[in-house]
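Chemist: Position in the sequence shown counted from 1, then plus 652, gives you this note's numbering. By construction, the Cβ of each residue, glycine as well, lies at the ideal position given by its N, Cα and C atoms. If you're wondering where the values come from, they're calculated on a predicted model, not measured in any experiment.
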Amino acid sequence: APRLEQFAREGIPVKLAVSLNASTDEQRQRLMPINRAYNLARLIQTCRAYPLARRDRITFEYVLLGGINDGPEDAQRLSRLVRGIRCKINLIPFNEFSTSPFKKPAADRLRRFAEILLADHLTVTVRESRGQDIYAACGQLRTNEVHEAENVPAAINL
653 APRLEQFARE GIPVKLAVSL NASTDEQRQR LMPINRAYNL ARLIQTCRAY
703 PLARRDRITF EYVLLGGIND GPEDAQRLSR LVRGIRCKIN LIPFNEFSTS
753 PFKKPAADRL RRFAEILLAD HLTVTVRESR GQDIYAACGQ LRTNEVHEAE
803 NVPAAINL
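(1) Kindly indicate which three-state DSSP category A653 falls into: helix, strand or coil?
(2) Buried or exposed for T751, going by 16 or more other Cβ atoms inside 10 Å?
(3) Can you tell me whether D647 is buried or exposed, with buried defined as 16 or more other CB within 10 angstroms of its CB?
(4) Looking at the secondary structure, which residues open and close the beta strand (DSSP E) in which I744 lies?
(5) E748: which of T711, R680, A758 sits nearest, CA to CA?
(6) Cα separation between A789 and D760?
(7) Looking at the structure shown, is S671 part of a helix, part of a strand, or coil, going by DSSP?
(8) Just checking my contact of T711 with C739 at CB under 8 Å: how many whole Å lie between their CB atoms?
(9) Using alpha carbons as the reference points, say which of V715, G723, P703, K755 lies closest to K667.
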């Protein structure tokens, strides 16, 4: 939030992409510890005040984690959070790997999430995953080491 405010004050032309990944402070603090310093209310207030060029929009990135932040109530809260902000929502289904506690959302939950946002007249994109079979998809990094317990390449969440 402070850097966005600085960009706005200094007139630094940037295309904003903001990682939300949650629709409540409780969720976001669990997923993104930075939320303790700059909570959702502050972040959204800063985005609302950001001087966008005429045709620009803020992109809100939202990684969907199965059973954690992918329910209809999450979509409804997200829609309320961004209401009135010129934006687009980029939904990113989580790319699973063996050592992660998180799971990919079910296809029907992903579809329902997007439908709720679309019904509220938001622009929504769903990022298509590529490279998951070799642990090289977004959020994964393939290494040459072999994960001993499962005999699969180790992965690191970035």
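Modeler: Put simply:
(1) Three-state DSSP puts A653 in coil, outside helix and strand.
(2) Exposed, since its Cβ has fewer than 16 Cβ neighbours within 10 Å.
(3) Because the chain spans 653 through 810 in this model, residue 647 falls outside it and cannot be assessed.
(4) 739-745 is the extent of the beta strand (DSSP E) around I744.
(5) When only C-alpha atoms are compared, the closest one is A758.
(6) Because A789 carries a pLDDT of 48, less than 50, the predicted location of this residue cannot be relied on, and the following value inherits that uncertainty. In a straight line, the C-alpha of A789 is about 21 Å away from that of D760.
(7) Residue state, collapsed to three classes: strand.
(8) For T711 against C739, the beta-carbon gap comes to about 7 Å, under 8 Å, which counts as contact.
(9) Ranked by Cα distance from K667, the first of V715, G723, P703, K755 is P703.
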